[in-house]
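Peer 1:
Protein chains: 2
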Amino acid sequence: MAASSVLLDGIGLLVTGSSDYGDGSPLGEVEDAAIVVDQGRVAWVGPAAAAPPVDVREDASGRCVLPGFVDSHSHLVFAGDRAAEFDARMAGRAYQSGGIRTTVTATRAASDEVLAANVARLVTEMRRQGTTTVEIKSGYGLTVRDEVRSLVLARQHTDETTFLGAHVVPKEFADDVAGYVELLTGDMLDACVPHSRWVDVFCERGAFDADAARTVLTAGMARGLRPRVHANQLGPGPGVALACELGAASADHCTYLTDADVDALASSGTVATLLPGVEFSTRSPYPEARRLLEAGAVVAIATDCNPGSCFTSSMPFCIALAVREMRMTPAEAVWSATVGGAVALRRADVGRLVPGARADLMVLDAPSYVHLAYRPGVPLVATVWHEGKPSPW
Amino acid sequence: MAASSVLLDGIGLLVTGSSDYGDGSPLGEVEDAAIVVDQGRVAWVGPAAAAPPVDVREDASGRCVLPGFVDSHSHLVFAGDRAAEFDARMAGRAYQSGGIRTTVTATRAASDEVLAANVARLVTEMRRQGTTTVEIKSGYGLTVRDEVRSLVLARQHTDETTFLGAHVVPKEFADDVAGYVELLTGDMLDACVPHSRWVDVFCERGAFDADAARTVLTAGMARGLRPRVHANQLGPGPGVALACELGAASADHCTYLTDADVDALASSGTVATLLPGVEFSTRSPYPEARRLLEAGAVVAIATDCNPGSCFTSSMPFCIALAVREMRMTPAEAVWSATVGGAVALRRADVGRLVPGARADLMVLDAPSYVHLAYRPGVPLVATVWHEGKPSPW
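If you're matching them up, the sequences are chains A and B in order. Residue numbers in the first sequence follow our numbering, run continuously in steps of one, and reach 393 at the last position. Residue numbers in the second sequence follow our numbering, run continuously in steps of one, and reach 1393 at the last position.
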């Protein structure tokens, strides 16, 4: 072992996220466990009694350790606040809101400094709650300049940046959707490709139809971006089928699914990413996680953190909702918030604590991951390690 | 002003909890506000521009300040953990549980040190989430010795201790309920009175019927304890009517109410204390807050923090549930979690930030209290002042 290796010992319950390490379950549970971290990577996991000698030893004091959360869907680059809109929605009061366009106006008007501070604050807030990998979308700029600066700001915090110029048709193109699609697949795509890993489209009535979505996604794919789709959130629609057809890494929302949609997800590599914080914050019906799981689909959970439909940054909260409202077991929900998120981002190096993986983990102030649902709302994340280093905050 | 006075300035939005201070609403909102704290009490509140000169100035940086939460219903003195029971319940799996009696067995077997550490940990956890006044019940001892030690341990953290020997009939009295009521109203009451402010009964099918509840409550009242009642949680029942008849400070749960129950609450001084974390954690229907509010009842919100039916300690989480699930407005929910809790404990010195009140407050990492519901699950409580002192943790 190199001089930099650290043994995290005294782990009451370790979640590896791999059936190859631990009790053979998908979550890979190991009691009385230890991890060796070397140069930011996991070097060894197993029963504490079998741990190799290392230079430095840290004690988890019998607590539960799990992989850092992988939040595969968020919108963190924005300005403004829509608390008044939320307040009115919850009370059933009429409220004149431009929805996403309200945030677009505020974001365009904001300085780089304000946007940068907002992203940094939210990423830190997520980190304190156990999130060590986050995908961040553009989509509140909707001009070449504003989409690029959103992605540049996001890239300062993550490699998982997503070009979502196709979030909504901006008001200046309200009468010329074809013109906006031309911009999206032309100058805007050109400018955004260097700063993006992914291309995403909000494929929904009121946003982009299947033809426009296919045009944008295939244009992005031709430039090396990988597709993911906002699909079937507000009603049945073509988004999930399109995502599966194009081999998208993930179809996100999946609130309204036909049997054909479920079959397509189950028989493809496209992950069904569920965002139950949205249904909580909009008082909508929750996606049918059990139907997806029983069909054999891969399910991820993410926050969708955004100022309109869901302003939570808390993966523990989403896990509690997944258990209460979508009838996932705590084990399934934790898997979906770690390994599932990693699959939705096509990442093998995060979301699991196995040799070679990034040493991204959290220590819970609890003996089991079940407590993330059993103790809803309680900030249980005691310490977060990112690339082998305990986070200071 | 004395040398110890502190000005908390730069408050973007202050909630006083009094219609006499602020905008005239029940929540008492003041924008661009300040508070003067002197010797642990609020000395002055108002617009920052009008603040008197003081020795020390602290800056809230435009954030929202509200009264510390008053959590008027909790069960923090216990040992053991029922995560496995929770896990099974959520999955709909059969699970052999003794319910409350499981925790009674573990609590009786635990050392004073273990119980004391558990209470301290949970009180600290609550404080970090903004709770500055907490009511703590006994009820997992159910012997003279174990009820007394529960109350003694609780009293180390709060004046609001509640004798709940009548939580459930312990198994050794399973065939002799009358004998247990005799103990409750005799030796156990004698021993517990010096350590209690309140007497409480779980008046429910499977626990204590109306006659037994009346016997226990009136015996406690005759010894100077003040009554509160666990009522109408699992089905319609006599608890609410009994609470109102006896002038109880609060009837807690109120999940199943007849029109007569609602009328009784609205026309009495008995507060309806709602515990939505229980319904979340047991997947049960939520109480009808709007029906109570529209009838004119005083509504409080509390956590019911306990290891069985609801192990949240988070008042912010309960506020988010109150808004999402019980259709309270954020303003109503915050009022119920502060002023409402204080009324349910018959306390005039907490739950509000008005001259003479205890300087118990929190600074939110947010511009408004609405964010407690708008940003569910996010730990937004930045700093908590208890009796005028910022809490270290």
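Ideal Cβ positions, reconstructed from N, Cα and C, are used throughout, including at glycine.
Taking buried to mean at least 16 other C-beta atoms within 10 Å of its own C-beta, is Ala1002 of chain B buried or exposed?
Peer 2: Summary for Ala1002 of chain B: the model assigns pLDDT 45, below 50, so the residue's position carries little reliability; its value from the coordinates is reported in the next sentence. Flag for Ala1002 of chain B reads exposed.
Peer 1: For the beta strand (DSSP E) containing His1371 of chain B, list its first residue and its last residue.
Peer 2: First-last for His1371 of chain B: 1371-1374, but that is the alpha helix (DSSP H), not the beta strand (DSSP E).
Peer 1: Reducing DSSP to helix, strand and coil, say where Ala1394 of chain B ends up.
Peer 2: Absent from the model: residue 1394 of chain B. The displayed extent of chain B is 1001 to 1393, so no value can be given.
Peer 1: Could you compute how far the alpha carbon of Arg291 of chain A sits from the alpha carbon of Glu332 of chain A?
Peer 2: Cα to Cα, the separation comes out at about 13 Å.
Peer 1: In the stretch 117-130 of chain A, which residues sit with their C-beta less than 8 Å from some C-beta in chain B, listed in chain order?
Peer 2: Those residues of the stretch 117-130 of chain A that come within reach of chain B (Cβ to Cβ, closer than 8 Å) are Glu125, Arg128, Gln129.
Peer 1: Counting only C-beta atoms, is Phe163 of chain A closer than 8 Å to chain B at any point?
Peer 2: Not one chain B Cβ lies under 8 Å of Phe163 of chain A.
Peer 1: Kindly list the residues whose CB is nearer than 8 Å to the CB of Leu1234 of chain B, restricted to its own chain and excluding five residues on each side of it in sequence; keep chain order.
Peer 2: So the list reads Glu1204, Arg1205, Gly1206, Thr1255, Tyr1256, once near-sequence residues are dropped.
Peer 1: Using only the alpha-carbon positions, how far apart do Thr1218 of chain B and Leu1275 of chain B sit?
Peer 2: Cα to Cα, Thr1218 of chain B sits roughly 25 Å from Leu1275 of chain B.
Peer 1: Helix, strand or coil: which one does DSSP assign to Ser1074 of chain B?
Peer 2: Three-state DSSP puts Ser1074 of chain B in a strand.
Peer 1: Answer with buried or exposed for Val1271 of chain B, where buried requires no fewer than 16 other C-beta atoms within 10 angstroms of its C-beta.
Peer 2: Buried.
Peer 1: So Ser1074 of chain B packs on Cys1318 of chain B, CB below 8 Å; how close in whole Å?
Peer 2: Incorrect: roughly 11 Å between the Cβ atoms, too far for contact.
Peer 1: Looking at the C-beta of Tyr140 of chain A, does it have a partner C-beta in chain D at a distance below 8 Å?
Peer 2: In the structure shown, chain D cannot be found, because the protein chains are A and B.
Peer 1: Please list, in chain order, all residues of the same chain as Gly22 of chain A whose beta carbon is under 6 Å from its beta carbon, the five residues on each side excluded.
Peer 2: Same-chain partners within the cutoff: Thr16, Gly28, Glu29, Val30.
Peer 1: Does His1157 of chain B come within less than 8 Å of chain A when only Cβ atoms are used?
Peer 2: No, His1157 of chain B does not count as interfacial toward chain A.
Peer 1: Determine the extent of the alpha helix (DSSP H) in which Leu1151 of chain B is found, giving its start and end residues.
Peer 2: Element bounds for Leu1151 of chain B: 1144-1155.
Peer 1: Say the cut is 7 Å; is the CB of Asp1190 of chain B nearer than that to a heavy atom of the ligand GDP?
Peer 2: The model on display carries no ligand, and the ligand GDP is accordingly not part of it.
Peer 1: Let me make sure I understand the geometry here. Which of B:Pro1052, B:Val1193, B:Phe1163, B:Asp1209 has the alpha-carbon closest to that of Arg1228 of chain B?
Peer 2: Measuring from the Cα of Arg1228 of chain B, the nearest candidate turns out to be B:Phe1163.
Peer 1: Can you tell me whether DSSP reads Leu1265 of chain B as helix, strand or coil?
Peer 2: Correct three-state label for Leu1265 of chain B: helix.
Peer 1: Let's test the definition: count the other Cβ atoms within 10 Å of the Cβ of Ala109 of chain A and tell me whether it reaches 16, buried, or not, exposed.
Peer 2: Looking at its Cβ environment, which holds fewer than 16 other Cβ atoms inside 10 Å, Ala109 of chain A is exposed.
Peer 1: With distance defined between alpha-carbon atoms, name the residue in A:Phe208, A:Gly224, A:Gly220, A:Leu225 nearest to Ala231 of chain A.
Peer 2: For the residues A:Phe208, A:Gly224, A:Gly220, A:Leu225, the minimum Cα distance to Ala231 of chain A belongs to A:Phe208.
Peer 1: With DSSP as the reference, label Gly12 of chain A as helix, strand or coil.
Peer 2: Three-state DSSP puts Gly12 of chain A in a strand.
Peer 1: Below 6 Å CB to CB, which residues in the same chain sit around Leu14 of chain A once its five sequence neighbours on both sides are set aside?
Peer 2: Within the same chain, Leu14 of chain A has close Cβ partners Val30, Ala33, Val65.
Peer 1: So with CB distances below 7 Å, who are the chain B contacts of Tyr256 of chain A?
Peer 2: Within chain B, no residue comes near Tyr256 of chain A; the closest Cβ sits about 20 Å away, beyond 7 Å.
Peer 1: Leaving aside the five residues before and after Leu242 of chain A along the sequence, list all residues of the same chain whose C-beta is less than 7 Å from its C-beta, in chain order.
Peer 2: Correct list, in chain order: Cys203, Ala210, Ala213, Arg214, Val229.
Peer 1: Within the continuous beta strand (DSSP E) that includes Cys1064 of chain B, where are the two ends?
Peer 2: Residues 1064-1067.
Peer 1: Would a C-beta distance cut-off of 8 Å place Thr131 of chain A and Gly68 of chain A closer than the cut-off?
Peer 2: Result yes, Cβ atoms of Thr131 of chain A and Gly68 of chain A sit closer than 8 Å.
Peer 1: Is there at least one Cβ from chain A nearer than 8 Å to Asp1087 of chain B's Cβ?
Peer 2: Cβ-Cβ to chain A under 8 Å: yes for Asp1087 of chain B.
Peer 1: Does His1371 of chain B get closer than 8 Å to chain A when you measure Cβ to Cβ?
Peer 2: Closer than 8 Å to some Cβ of chain A, the Cβ of His1371 of chain B qualifies, so yes.
Peer 1: Taking 8 Å as the CB-CB limit, is Gly1440 of chain B close to chain A?
Peer 2: With chain B covering only 1001 through 1393, there is no way to say anything about residue 1440 of chain B.
Peer 1: Could you give the distance in angstroms between the alpha-carbon of Pro1330 of chain B and the alpha-carbon of Arg1324 of chain B?
Peer 2: Approximately 9 Å, taken between the alpha carbons.
Peer 1: Would Ile1301 of chain B pass as a contact of Ser1336 of chain B if the rule is Cβ separation under 8 Å?
Peer 2: Their beta carbons are under 8 Å apart, which means Ile1301 of chain B touches Ser1336 of chain B by this criterion.
Peer 1: Might you give, ordered along the chain, the residues of its own chain that have their beta carbon closer than 6 Å to the beta carbon of Ser1196 of chain B, omitting 5 neighbours on each side?
Peer 2: Once the five neighbours on either side are set aside, the close Cβ partners of Ser1196 of chain B are Leu1151, Thr1161, Phe1163, Leu1225.
Peer 1: Return the residues of the stretch 1347-1379 of chain B that lie within a Cβ-Cβ distance of less than 9 Å from chain A, sorted by chain order.
Peer 2: If the cut-off is 9 Å between Cβ atoms, the stretch 1347-1379 of chain B has Asp1365, Ala1366, Pro1367, Ser1368, Val1370, His1371, Ala1373, Tyr1374, Arg1375, Pro1376, Gly1377, Val1378, Pro1379 near chain A.
Peer 1: Is there a Cβ of chain A sitting closer than 8 Å to that of Met971 of chain B, yes or no?
Peer 2: Outside the displayed range of chain B (1001 to 1393) lies residue 971 of chain B, so it cannot be described from this structure.
Peer 1: Near Phe1366 of chain B, which residues of its chain fall below 6 Å by C-beta distance, leaving aside the five closest residues on each side in sequence?
Peer 2: First, the amino acid is wrong: residue 1366 of chain B is Ala here, not Phe. Once the five neighbours on either side are set aside, the close Cβ partners of Ala1366 of chain B are Cys1064, Leu1380.
Peer 1: Looking at chain A, which residues of the stretch 1262-1287 of chain B have a Cβ within less than 8 Å of any of its Cβ atoms?
Peer 2: Per Cβ criterion, the list reads Gly1277, Phe1280, Ser1281, Arg1283.
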